[in-house]
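Chains as they are written, first to last, in this note's numbering: chain D, 4 to 292; chain S, 1369 to 1595; chain G, 465 to 728.
If you want it as structure tokens, here you go:
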């Protein structure tokens, strides 16, 4: 690399050139990522902002050809779906993560971890069709519950692995300290390890929820959609992603605008969850100190 | 014996050891010179011996400085700690022996201007014994040989006896001829100085035993037969 | 073996709180401790020294069974505390650890308030009475020479304390469950000289009430704080004796080489 004849000045100049080139490359990469995000946001705002109004949040969709209306039912529907998803996904994911991090049981743990990774890799539409086969076909109708369960299943691997990862970030010295004080292991886990990793875990759970909030494919088979308020947990319901899908492929300009608005709202929700997770919960992870 | 992982430390300990030896050699020489000045009645040699005492003192200070530096900077333990504390104490004895050589040279100067007294007293033999003890105690120090050191301790009795005998001889000499009192007294001093050299050599040997075995045999009524 | 028995004699002079015999520990096929026999004197400070990987920390962790959680570990031999074998099936490790407290190399306060840190142990053991808890917290913090520095901010997070204070908090936390024995695994290795001196002074004071076993890489620290020093090398106990003797005139050449800095 360095020829002996090269003077110190030359070497220094060469290093400076390399340094500048690398710096420029990283700046370019950062700018690209940021640029895509900003473009997406800008485009959504440009396309969707005109259809956003108070009505969008409070009114039902109007019949074809009739102007105005909103997606109140889809907003509520998405919220209900996510609630079911959380009820299904959070306990399983959280407890599984605790098991993996704290009760490392050799083969069993390996199997669970491996299964979670495979589950994470399964396309969401496969989850959807499975739930469709198990919970929709036998009962004869689409339901909010089935949709929420599908989302919950999608959530489990992410929730489980993030819980495990954040618990692993809790230093062993804390576990040692607790055990050395005569605390049994379960007390150590409940009173020391989980509190220490709680901020991180909550962040992870929130992000996993935000992640499934935008899922569309599994809902097509399960929660389907609904032009009106969903009458109950066992009935089909509208949801933002499916509404976007339906409205976007419909041949009406008015619906297109509504779809853009819905997309903007969905992105805002996901982005909001991220920001909340980072600012409020991730602000100071006690696991790091 | 393994070397220190810290080479600088090892070198400084070696320097300490060789400085003690250098000082010991110098002091031995001083005794020899002073005794030659005494027997040859050579005032110049006596003067030169006195003048050289500052070299002994300088080494004393140097060794103290080095030992303190080692103690402060390296927190020595075990064998090294004992070497350093031994060096500190041995130099005190060596410095005292140097002073005694100076005193002998002073007496030599004074005696050189007076008439010799007969019979000649056997001071040279005593000086040889004392120097031999000093030499062997330093040998024991370098070789870490506690047996040799123990032998030095036992040799002290011989010198003490010689001094006792000289004392009696000189007393009777003075009684016979009171005009010799001042000269005989000076010779008696020299005998006492040499006896003191033997004591210091014994001290050094005892310190060497402590250094090697980590056990002090000082202030016992008699040296132990075995260690 | 005769080595172990000859060095043992010196330690047996005082009454032994902990008696270890033939302790052999393996991690899988790696031998971590090889037939170690050691007596730990009651209300004395025993220092364990030796190079990294010599087994001294493993030994320390055997004394409160903190090694139980390590997979693939095999522990043989006997360890008894006040004459009762602690590896006996009838002994509850949880109860044992209440009696044998531990302070770690890296100060590890819980991310809780100062008060909750110290009260953790007593609470785990079922104490709920607020007044009593306050008393224990104050007494423990005083014992750890930390009370005056934190008495006005017991509700503040323990993580806001300085490193040295955190370590003394950990000592207070260990003392709060009123152990007999305090194990310290390099308690001052991450601290500055002033904080270290405070910990060492604290050890001198605690010695009147507790039996202390301390692992340290700092030989001068072992020399300063301990009554008895044990030198471990390659999983074996090479020599144990009065600290003064180990540092001025050890009986085994391996010990001599180590304390004088001849590491080969």
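Note that the Cβ used here is the ideal one computed from N, Cα and C, for glycine as well.
Listed by chain order, chain G residues near residue i by CB distance under 9 Å
i, result
"residue 176/D", "568, 569, 570, 571, 572"
"residue 1373/S", "725, 726, 727, 728"
Beta-carbon proximity check, residue i vs residue j, cutoff 7 Å
i, j, result
"residue 1561/S", "residue 1471/S", "yes"
"residue 85/D", "residue 220/D", "no"
"residue 1502/S", "residue 1455/S", "no"
"residue 639/G", "residue 604/G", "yes"
"residue 239/D", "residue 145/D", "yes"
"residue 267/D", "residue 243/D", "no"
"residue 485/G", "residue 541/G", "yes"
"residue 1573/S", "residue 1517/S", "yes"
"residue 649/G", "residue 544/G", "no"
Nearest candidate by alpha-carbon position, reference residue i, set the options
i, options, result
"residue 573/G", "717/G, 636/G, 520/G", "636/G"
"residue 1578/S", "1412/S, 1513/S, 1424/S, 1496/S", "1513/S"
"residue 1507/S", "1406/S, 1378/S, 1375/S, 1575/S", "1575/S"
"residue 132/D", "154/D, 116/D, 192/D, 112/D", "154/D"
"residue 136/D", "123/D, 152/D, 124/D, 169/D", "152/D"
"residue 90/D", "143/D, 183/D, 162/D", "162/D"
"residue 204/D", "98/D, 75/D, 129/D", "98/D"
"residue 1519/S", "1505/S, 1510/S, 1531/S", "1505/S"
"residue 505/G", "656/G, 704/G, 611/G, 562/G", "704/G"
"residue 645/G", "600/G, 677/G, 547/G", "677/G"
"residue 1466/S", "1556/S, 1418/S, 1539/S, 1532/S", "1418/S"
"residue 555/G", "110/D, 271/D, 185/D, 93/D", "185/D"
"residue 1394/S", "1407/S, 1469/S, 1440/S, 1448/S", "1469/S"
"residue 481/G", "663/G, 674/G, 582/G", "674/G"
"residue 663/G", "496/G, 692/G, 569/G", "569/G"
"residue 159/D", "58/D, 281/D, 101/D, 32/D", "101/D"
"residue 51/D", "234/D, 61/D, 73/D", "73/D"
"residue 54/D", "258/D, 274/D, 278/D", "258/D"
"residue 1485/S", "1372/S, 1407/S, 1566/S, 1580/S", "1407/S"
Partners in chain G for residue i, counting only beta-carbon separations shorter than 8 Å
i, result
"residue 179/D", "530, 566, 568, 572"
"residue 182/D", "530, 533, 561"
"residue 1450/S", "712, 713"
"residue 190/D", "588"
"residue 1377/S", "725"
"residue 199/D", "574, 575"
Chain-ordered neighbours of residue i on chain S, where CB pairs are closer than 8 Å
i, result
"residue 714/G", "1446"
"residue 721/G", "1370"
Cross-chain neighbours of residue i in chain G, by beta carbon under 7 Å
i, result
"residue 187/D", "558"
"residue 195/D", "574"
"residue 1443/S", "684"
"residue 1582/S", "712, 713"
Residues that residue i bridges to, as DSSP identifies them
i, result
"residue 488/G", "540/G"
"residue 513/G", "695/G"
"residue 621/G", "577/G"
"residue 279/D", "Its beta-bridge partners do not exist; DSSP assigns none."
"residue 706/G", "692/G"
"residue 700/G", "697/G"
"residue 505/G", "480/G"
"residue 158/D", "Beta-bridge pairing links residue 158/D to no other residue."
"residue 204/D", "BP columns for residue 204/D are empty, so no partner."
"residue 494/G", "491/G"
"residue 649/G", "679/G"
Cβ shell of residue i (< 6 Å), same chain only, five flanking positions each side left out
i, result
"residue 276/D", "209, 213"
"residue 106/D", "none"
"residue 1414/S", "1405, 1473, 1476, 1477"
"residue 236/D", "147, 148"
Same chain, Cβ closer than 8 Å to residue i, neighbours up to 5 away in sequence not counted
i, result
"residue 1386/S", "none"
"residue 529/G", "550, 551, 557, 560, 561"
Same chain, Cβ closer than 7 Å to residue i, neighbours up to 5 away in sequence not counted
i, result
"residue 610/G", "629, 632, 633, 636"
"residue 592/G", "none"
"residue 466/G", "With a pLDDT of 42 at residue 466/G, under the threshold of 50, the predicted position of this residue should be treated as unreliable, and no value is reported."
"residue 1390/S", "1427"
"residue 1495/S", "1399, 1403, 1562"
"residue 688/G", "664"
"residue 272/D", "216"
Chain D residues whose Cβ lies nearer than 8 Å to that of residue i
i, result
"residue 637/G", "180, 184"
"residue 641/G", "184, 185"
Neighbour list for residue i in chain D, Cβ cutoff strictly below 9 Å
i, result
"residue 464/G", "Summary: the structure shown does not reach residue 464/G, with chain G confined to residues 465 through 728, and so no result is reported for it."
Interface partners of residue i on chain D, CB under 7 Å
i, result
"residue 585/G", "184, 185"
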